[in-house]
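K.L.:
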Amino acid sequence: MTAAPPPRTGAWISSSRRSAIRYLVAGGLAFLVDLGLLALFHQVFGWPTWLAAGSAFVLSFAFTYTIQRYFTFESNAPHGRTLLKYTALVVFNTLATAAIVALIDMTPAGWAVGKVVATAATTIWNYFAYRYWVFADRSR
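The opening residue of the sequence shown carries number 21 in my numbering; numbering runs sequentially from there.
1) Determine whether the beta carbon atoms of Leu58 and Lys135 lie at a separation below 8 Å.
2) Do you know offhand how far Phe112's Cα is from Arg101's?
3) Pop quiz: Val133 and Ile124 are said to be a contact at Cβ under 8 Å. What is the actual Cβ separation, rounded to whole angstroms?
4) Please check the pair Ala50 and Thr92, which I expect to be a contact at CB under 8 Å, by giving their CB distance rounded to whole angstroms.
5) Apart from the five residues just before and just after Leu79, which ones in its own chain have a Cβ nearer than 6 Å to its Cβ?
6) Might you give, ordered along the chain, the residues of its own chain that have their beta carbon closer than 8 Å to the beta carbon of Ile87, omitting 5 neighbours on each side?
7) Enumerate, from N- to C-terminal direction, the unbroken alpha helix (DSSP H) stretches of 4 or more residues contained entirely within the segment 98-133.
8) Judging by CA-CA distance, which residue of Phe155, Arg151, Trp67, His62 is the nearest neighbour of Ala40?
9) Does Asn96 pass the burial test, meaning 16 or more other C-beta atoms within 10 Å, or should it be called exposed?
10) Using only CA atoms, which one of Thr139, Gly130, Pro98 lies nearest to Ala116?
11) Mapping DSSP to helix, strand and coil, what is Asp157?
12) For Trp131, is the classification buried or exposed, using 16 other Cβ atoms within 10 angstroms of its Cβ as the cut-off for buried?
13) Can you say whether His62 is buried or exposed, counting buried as having 16 or more other CB atoms within 10 angstroms of its CB?
14) Which whole-angstrom value is the C-beta distance of Ala73 and Ala118, which I expect to be below 8 Å?
15) Since Val78 is in the alpha helix (DSSP H), which residue starts that stretch and which ends it?
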């Protein structure tokens, strides 16, 4: 049995760039869903900022999971495993997002700036978590 040759560096960079671009597009759509729900809960329903931010983030779960799994990372990893990992990451992100938005809401910047800051932070760490942990198909 011979080992498969390692992937060419250029192919890996091209694949990484493609997934990063799709990740940003999918994330932009997910952000709009999340921000719209946050605005609805906070501005229309009058919920406290921490509850509105946390609830909006959790409710965008199904949309974000599906678009990242199929569109961004084209994952064939078993659903049970990826869903469990994704859920663990969502719990962490929910707590981080609610805390960041609430803390920044106490400043003149307000809740919307807090949401942008929280999204920037989670966007960076989630790309790597999704690519190398959540949606990684170890059977390949």
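All C-beta atoms in this analysis are idealised placements derived from N, C-alpha and C, irrespective of residue type, glycine included.
Bear in mind that the values here come from a model prediction, so they are computed numbers and not experimental data.
P.N.:
Looking at the atomic coordinates:
1) yes
2) 17 Å
3) 6 Å
4) Contact flag wrong, Cβ pair sits at about 10 Å.
5) Leu57
6) Ala46, Leu49, Ala50
7) 99-125
8) Arg151
9) exposed
10) Thr139
11) coil
12) buried
13) buried
14) 5 Å
15) 69-79
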